[in-house]
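To start, the structure under review is shown below, and the notes come after it.
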Amino acid sequence: MNDSSYQKIIRAQAEYVRCIDDDRLEEWPNFFHGPCLYRVTTAANFRDGLEGGIIFANTKGMLVDRVSALREANIYERQSYRHILGQPSILSESGSLAKTETPFLVARILQDGDTDIYATGRYLDVYEIAQQEARLNERTVICDSSRIDTLLALPL
Amino acid sequence: MNDSSYQKIIRAQAEYVRCIDDDRLEEWPNFFHGPCLYRVTTAANFRDGLEGGIIFANTKGMLVDRVSALREANIYERQSYRHILGQPSILSESGSLAKTETPFLVARILQDGDTDIYATGRYLDVYEIAQQEARLNERTVICDSSRIDTLLALPL
Amino acid sequence: MNDSSYQKIIRAQAEYVRCIDDDRLEEWPNFFHGPCLYRVTTAANFRDGLEGGIIFANTKGMLVDRVSALREANIYERQSYRHILGQPSILSESGSLAKTETPFLVARILQDGDTDIYATGRYLDVYEIAQQEARLNERTVICDSSRIDTLLALPL
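Residue numbers (my numbering), protein chains in the order written: chain B, 992 to 1147; chain E, 992 to 1147; chain P, 992 to 1147.
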């Protein structure tokens, strides 16, 4: 992969996490293109081949629904999040498609100011490298922790 | 923005945090150029338009004073810090100036070895892209947490 | 350093941490080339010129031995790790060799799902910039914390 394509992926990832951490969740589904696949699973499930995992969405409507449910469940603003991503590794390339893996850490800032680590893991992404930008086609979020109750909420 | 300018910004940010984490605080004011604006505020204040926030400095002298005060207040070495930055997003460009937003996480390492998350948030920066480097003109640090007492100390 | 060489270093670092976080420790020694120097020390020791520090290895065999010892000591899978790296700073260049410094944070995910900060610090690396890739020749890991007992285990 040339440096220019690599930079496009990095910038697309930066915009994605900025959207979530800015709490602009209604814009989040627009980051997905083409097959529009979004999955969340745990490392343990992924190792066992259970990729379906905790969350599965493959239409933009399902992503929109997730945001609506999240907004209804969380009437009061209680906490915020901060994503910090590592550098992506290019796993494979085929035509204009690139499969990447990117480590992430999400910090959670509670109402009282306390900050802890909410989730860590890796994104398995498929991007289409277009003229001007890299477009996210698929994201499988593999969370390191198997304690998943609280992971059902926020887009990762 | 071309990749080369983007790389200059990334490298300038890396040098900035390295200076702080190396405890070379006396060099920190030299990272600011031109308007030399440094502000720290909270996400809640920033949302309410209270950008003045917690810390405001717009001359190099004010930055130097901050470091002096910090050194006097902390005679004994007690803790160290480690900044981890995410990728910058380019918000706008105008001539040689670029406005960027960059997520950050700062870990604090206490004397007894315990490590916690000291602060998370985002930098709103203005850089002048020069021939050899990107020069920081303005930095507004927006901390996610509203618990600000301990945030008055370290440059962010 | 040109952008292309800088990108090679970033990609080499991404592959390195991915290998460890994937628990493919047996592949880890292959990331070292040439002098094959791997050291772990603390910031306090490093400041005092005690670079030898906690761990010292300068042959691939010593690295292989470390992994074997680690596997024997940890029969049961108990925890996993996630490295998040910041951007490297280029400290110096000489011919095809480049000396860099890179901040890191390692999160530890315990069996029960709790996640904490395992270690923070910086890598002092020497890379050989080859045609296709950057090859790690030396890595000195300088941990911010001086509480070192648990640091003896995992490759950093």
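Don't be surprised by glycine CBs; every beta carbon is placed ideally from N, CA and C. None of these values were measured; they are calculated from a predicted model.
In its chain, beyond the 5 residues on either side, 1016, 1017, 1019, 1020 and 1146 have a beta carbon closer than 8 Å to the beta carbon of residue 1058/P. Residue 1047/E is bridged by DSSP to 1030/E. Under the DSSP assignment, residue 1004/E falls in the alpha helix (DSSP H) whose first and last residues are 994-1012. Per DSSP, reduced to three states, the secondary structure at residue 1144/E is coil, with no helix or strand assignment. Rounded to the nearest whole angstrom, the CA to CA distance from residue 1135/B to residue 1122/E is 43 Å. In the displayed model, residue 1020/B falls within a helix according to three-state DSSP. Here residue 1101/E is exposed, its C-beta having fewer than 16 other C-beta atoms within 10 Å. For residue 1125/P, the enclosing beta strand (DSSP E) begins and ends at 1125-1134. For residue 1071/B, the chain E residues whose Cβ falls inside 8 Å of its Cβ are 1034 and 1135, in order along the chain. Non-local C-beta neighbours of residue 1108/B in its own chain, meaning closer than 7 Å and more than five positions away in sequence, comprise 1096 and 1098, ordered along the chain. Annotation for residue 1083/E: the continuous beta strand (DSSP E) segment containing it runs 1080-1085. Taken atom to atom, the span from the alpha-carbon of residue 1127/P to that of residue 1113/P is near 15 Å.
Taking the CA atoms as reference points, residue 1117/E sits about 20 Å from residue 1077/P.
A Cβ-Cβ distance of about 10 Å is found for the pair residue 1083/B and residue 1092/B, leaving them out of contact under the 8 Å criterion. Linking residue 1000/E to residue 1125/E through their CA atoms gives a straight-line distance of about 5 Å.
Residue state for residue 1061/B is assigned as helix, using DSSP reduced to three classes. Here DSSP, grouped into helix, strand and coil, assigns residue 1069/B to coil. Taking C-alpha positions only, residue 1064/P is separated from residue 1144/P by approximately 9 Å.
Of all residues in the segment 1075-1105 of chain B, the ones placed with a Cβ closer than 9 Å to any Cβ belonging to chain P are 1075, 1076, 1077, 1078, 1079, 1080, 1081, 1092, 1093, 1094, 1095 and 1096, in chain order.
Within the DSSP bridge table, the entry for residue 1095/P names 1076/P and 1112/P as partners. Taking C-alpha positions only, residue 1075/P is separated from residue 992/E by approximately 26 Å.
Proximity to residue 1028/B across 1006/B, 997/B and 1129/B peaks at 1129/B, based on C-alpha coordinates.
Contact between residue 1073/P and residue 1012/P holds: their C-beta atoms lie close to 6 Å from each other, under 8 Å.
In the three-state reduction of the DSSP assignment, residue 1104/E falls in the coil class, being assigned neither a helical nor a strand state. Taking C-beta atoms under 8 Å as the contact rule, residue 1133/E and residue 1115/E qualify, at a distance of about 6 Å. Residue 1005/B and residue 1094/E have their C-alpha atoms spaced approximately 9 Å apart. Chain order gives the chain P residues near residue 994/B as 994, 995 and 998, where near means a beta carbon separation below 8 Å. Here residue 1060/E is exposed, its C-beta having fewer than 16 other C-beta atoms within 10 Å. The beta carbon of residue 1049/E sits closer than 7 Å to those of 1026, 1027 and 1028, all from its chain and outside the five residues before and after it, given in chain order.
By the CB criterion at 9 Å, residue 1089/B and residue 996/B fall inside the cutoff.
At least one C-beta of chain B is nearer than 9 Å to the C-beta of residue 1006/P. Residue 1131/P places its beta carbon 9 Å or farther from that of residue 1033/P.
Rounded to the nearest angstrom, the gap between the Cα atoms of residue 1051/P and residue 1086/P is 24 Å. At a cut-off of 9 Å between C-beta atoms, residue 1012/P counts as an interface residue with respect to chain B.
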